[in-house]
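Taken in order, these protein sequences are the chains called A and B. Heads up, the first sequence is in the numbering used here, so the first residue is 132 and it goes up one at a time. Heads up, the second sequence is in the numbering used here, so the first residue is 132 and it goes up one at a time. In what follows, a single structure is set out as structure tokens and then discussed.
Protein chains: 2
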Amino acid sequence: MSLDKPLIIDCHGHYTTAPAPLTNFREAQVAHFKDPLKPAPDGVVVSDDEIRETIEKNQLKLLKERGADMTIFSPRASVMGPHIGDEGISRRWTIESNNIIKRVVDLFPETFIGVCQLPQSPGVSLQGSIEELQRCVDMGFVGCNLNPDPSGGHFNAPPLYDRYWYPFYEKMIELDVPAMVHVSGSCNPAFHATGAYYINADTTAFMQFIEGDLFKDFPELRLIIPHGGGAVPYHWGRYRGLADMLKKPNLRDHVMKNVYFDTCVYHQPGIDLLFKVIDNKNILFGSEMVGAVRGIDPETGFYFDDTKRYVDNLLISASDKYNVFEGNARRVYPRLDTALKARGR
Amino acid sequence: MSLDKPLIIDCHGHYTTAPAPLTNFREAQVAHFKDPLKPAPDGVVVSDDEIRETIEKNQLKLLKERGADMTIFSPRASVMGPHIGDEGISRRWTIESNNIIKRVVDLFPETFIGVCQLPQSPGVSLQGSIEELQRCVDMGFVGCNLNPDPSGGHFNAPPLYDRYWYPFYEKMIELDVPAMVHVSGSCNPAFHATGAYYINADTTAFMQFIEGDLFKDFPELRLIIPHGGGAVPYHWGRYRGLADMLKKPNLRDHVMKNVYFDTCVYHQPGIDLLFKVIDNKNILFGSEMVGAVRGIDPETGFYFDDTKRYVDNLLISASDKYNVFEGNARRVYPRLDTALKARGR
Chain A
132 MSLDKPLIID CHGHYTTAPA PLTNFREAQV AHFKDPLKPA PDGVVVSDDE
182 IRETIEKNQL KLLKERGADM TIFSPRASVM GPHIGDEGIS RRWTIESNNI
232 IKRVVDLFPE TFIGVCQLPQ SPGVSLQGSI EELQRCVDMG FVGCNLNPDP
282 SGGHFNAPPL YDRYWYPFYE KMIELDVPAM VHVSGSCNPA FHATGAYYIN
332 ADTTAFMQFI EGDLFKDFPE LRLIIPHGGG AVPYHWGRYR GLADMLKKPN
382 LRDHVMKNVY FDTCVYHQPG IDLLFKVIDN KNILFGSEMV GAVRGIDPET
432 GFYFDDTKRY VDNLLISASD KYNVFEGNAR RVYPRLDTAL KARGR
Chain B
132 MSLDKPLIID CHGHYTTAPA PLTNFREAQV AHFKDPLKPA PDGVVVSDDE
182 IRETIEKNQL KLLKERGADM TIFSPRASVM GPHIGDEGIS RRWTIESNNI
232 IKRVVDLFPE TFIGVCQLPQ SPGVSLQGSI EELQRCVDMG FVGCNLNPDP
282 SGGHFNAPPL YDRYWYPFYE KMIELDVPAM VHVSGSCNPA FHATGAYYIN
332 ADTTAFMQFI EGDLFKDFPE LRLIIPHGGG AVPYHWGRYR GLADMLKKPN
382 LRDHVMKNVY FDTCVYHQPG IDLLFKVIDN KNILFGSEMV GAVRGIDPET
432 GFYFDDTKRY VDNLLISASD KYNVFEGNAR RVYPRLDTAL KARGR
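This is how it looks when you write it as structure tokens:
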């Protein structure tokens, strides 16, 4: 580690630019599920060159331009689609999605490390997700994206403190991996995916953590709430007050030993607030790049999702910046730390 | 008007302390609906003294302590419960709830002015709400609380830009009253009411306004998104970027000529952010008092929901403070302005 020149680790990147054969597979898979007379797809046939091109022209290019070093990389969140088809469909799609992440990591081992999608499906047990997590960790993945609402916008899964989720948490702890709490696309017309559904799910998850006593049962569990923690930092007083009304310990002890927020907040005042109210030990650099908001901010002339700029602008110490860019990620993802150390970083 | 000493108008107060006969009526009404063998309640019998006591010991006391002058007052939001029973149940309950607000206003005409609940019910037309709005405006009410999710947490109503809502918007414009977009209690275990459901509904409503073109069709429509606009100010860059991606005009023209946020954000950094990113012409002082978060903030020694303190602390001009405390409310609620002028204010 170097305090002065930390590794810049983006904890939140999705393979939003995956090559067409992956998308084609998914479309054929869903079409076959809806109408078994339509042909089932065989698998995803894609060359290393195709993968290389999608990465070099997008994520890798932007990482370099922005001065970041690596990305904790997972399948495209908006198409995880656990509500589509059934558990078998979800599992097959998840395996293909994770396998292509593994190929990206193998092609760019210095730059990407994998986080897996899970074969969740509404109403079914998490046994399949436990197995897929094991399979992916065996391939070198360092975490997972856990979907708190596999229904795609009905929010009818048990709250995250419910025992329904416990077997999966036990597996996470056994493997020493964290989860990012991340929903997928919305099938509810009330919720725009990246503008409402994602943010609502983040806010909802945090409030569930306040309501429950999850971290009493799992003091080692580590969960990342993306998109800057949804509405939570902006309403930090409300959450502190609600914890008090619900006779819970203060948030520092009750939730914030186990929960982390990323920096996917696309303007300077939002990032300023995040760092003002949340301890920097609970903040991981992330950009959701190439992601939800792709344009250039006319007020600044820079990409909305170039979140490194906002963090660079903060008047915080070098050691605080080290935490946010590198140290916290190494602590929250111990398998990342191990991989980096093996490379002498 | 006086720039130096504005009226302090709280745009967001609920009758959370209503006397027991109102609650008893509701309980008996719901019990009778579920089991018609149980007796139907006759009505709400409550004396002026009982009403006076609930107000003097709570809202009025706190208003005076905090130096505010009046409250735009509506029935308790969390028990509007449009998902309970059917439309007839909702209508009867709504009439009782609004009538007791009218009595509060009659008892304390200098301090309270009414905003009504609506007899919404999942899946039914808004005709009953149109009639109740007319009835309440005839009684001197100056606005309404419009529930974007009458299901109580399933978010299965059409988005707010859908033509389903248009007849109601037409009535609002005819009567020149605004609506606060406000859900009720949550029947979805995923959503804590004040910690997740309210904030999610606020965020969702704003994103729906971005997605649609509602204000092209209704340039005079005025809607208040409570709780500081949900997650919106914190993610202002995301929303500016999404409007751009959706090929919409910039938010100032597309949404912010018609949409207002209140100051129900329970800590100083949140209020600071709100005023940093949102034009103060779009901000109305509100406290949600006596409301969602009732305790004292151990970090400040003052009530979390004493939001006037946070606004007082802002380094903004006297004319900006006038807007937020008085001017904007008079502009957004013209019937309030008329009532104040009739009193020589």
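The C-beta atom is built at its ideal place from N, Cα and C for all residues, glycine as well.
Tell me whether residue i is buried or exposed, calling it buried when 16 or more other Cβ atoms sit within 10 Å of its Cβ.
{"i": "D437(A)", "result": "buried"}
{"i": "I215(B)", "result": "buried"}
{"i": "G361(B)", "result": "buried"}
{"i": "G417(B)", "result": "buried"}
{"i": "A449(B)", "result": "exposed"}
{"i": "P206(B)", "result": "buried"}
{"i": "P380(A)", "result": "exposed"}
{"i": "R197(A)", "result": "buried"}
{"i": "I427(A)", "result": "exposed"}
{"i": "P167(B)", "result": "exposed"}
{"i": "R150(B)", "result": "A quick correction: the sequence has Pro, not Arg, at residue 150(B). Flag for P150(B) reads buried."}
{"i": "K439(A)", "result": "buried"}
{"i": "A473(A)", "result": "exposed"}
{"i": "Q251(A)", "result": "buried"}
{"i": "T335(B)", "result": "buried"}
{"i": "Q339(A)", "result": "buried"}
{"i": "T394(A)", "result": "buried"}
{"i": "I475(A)", "result": "The displayed chain sequence assigns Gly, not Ile, to residue 475(A). Exposed is the call here."}
Report the three-state DSSP secondary structure of residue i (helix, strand or coil).
{"i": "A506(B)", "result": "No answer is possible for residue 506(B): the residues shown for chain B start at 132 and end at 476."}
{"i": "F406(A)", "result": "helix"}
{"i": "F243(A)", "result": "strand"}
{"i": "H285(A)", "result": "coil"}
{"i": "F392(A)", "result": "strand"}
{"i": "P213(B)", "result": "coil"}
{"i": "G422(A)", "result": "coil"}
{"i": "Q248(A)", "result": "coil"}
{"i": "P152(B)", "result": "helix"}
{"i": "Y329(B)", "result": "helix"}
{"i": "L191(B)", "result": "helix"}
{"i": "A460(A)", "result": "helix"}
{"i": "S448(A)", "result": "coil"}
{"i": "D439(B)", "result": "Correcting the residue type first, residue 439(B) is Lys in the shown sequence and not Asp. Helix at K439(B)."}
{"i": "R157(A)", "result": "helix"}
{"i": "M303(A)", "result": "helix"}
{"i": "K169(A)", "result": "coil"}
{"i": "D375(B)", "result": "helix"}
{"i": "R266(B)", "result": "helix"}
{"i": "D293(A)", "result": "coil"}
{"i": "F272(A)", "result": "coil"}
Within this structure, are the beta carbons of residue i and residue j separated by less than 7 Å?
{"i": "L277(A)", "j": "V312(A)", "result": "yes"}
{"i": "N229(B)", "j": "C247(B)", "result": "yes"}
{"i": "V408(B)", "j": "P364(B)", "result": "yes"}
{"i": "L306(B)", "j": "V268(B)", "result": "yes"}
{"i": "Y300(A)", "j": "F349(A)", "result": "yes"}
{"i": "V175(B)", "j": "E218(B)", "result": "no"}
{"i": "F243(A)", "j": "F272(A)", "result": "no"}
{"i": "T225(B)", "j": "N189(B)", "result": "no"}
{"i": "D451(A)", "j": "N413(A)", "result": "no"}
{"i": "G316(B)", "j": "S209(B)", "result": "yes"}
{"i": "L404(B)", "j": "P357(A)", "result": "no"}
{"i": "G359(B)", "j": "F406(B)", "result": "no"}
{"i": "G326(B)", "j": "L373(A)", "result": "yes"}
Can you check DSSP and say which residues form a bridge with residue i?
{"i": "N411(B)", "result": "Its beta-bridge partners do not exist; DSSP assigns none."}
{"i": "L354(A)", "result": "A310(A), V390(A)"}
{"i": "D141(B)", "result": "T202(B)"}
{"i": "L277(B)", "result": "V312(B)"}
{"i": "Y146(B)", "result": "P206(B)"}
{"i": "Y434(B)", "result": "I427(B)"}
Assess, as a yes-or-no matter, whether the stretch 417-431 of chain A is touched by the stretch 451-458 of chain A under the definition of 3 or more beta carbon pairs within less than 8 Å. In this structure the stretch 451-458 of chain A does not touch the stretch 417-431 of chain A; the number of beta carbon pairs closer than 8 Å is below three.
Could you check whether the stretch 247-255 of chain A touches the stretch 275-293 of chain A, counting it as contact only if at least three pairs of C-beta atoms, one from each stretch, sit closer than 8 Å? Verdict: yes, contact present.
Do three or more CB pairs link the stretch 149-158 of chain B to the stretch 443-451 of chain A at distances below 8 Å? Note that the stretch 149-158 of chain B does not touch the stretch 443-451 of chain A; fewer than 3 beta-carbon pairs, one per stretch, sit closer than 8 Å.
Counting pairs of Cβ atoms below 8 Å between the stretch 368-378 of chain A and the stretch 410-425 of chain B, do you hit three or more? yes
Does the stretch 314-333 of chain A come within contact of the stretch 284-291 of chain B, defined as at least 3 CB pairs closer than 8 Å? yes
Are at least three pairs of beta-carbons, each pair with one atom in the stretch 339-349 of chain A and one in the stretch 384-395 of chain A, less than 8 Å apart? Touching, yes, given that three or more Cβ pairs across the two stretches are closer than 8 Å.
With 8 Å as the C-beta to C-beta threshold (strictly closer), list the residues of the stretch 301-331 of chain B near chain C in chain order. Protein chains in the displayed structure are A and B, and chain C is not among them.
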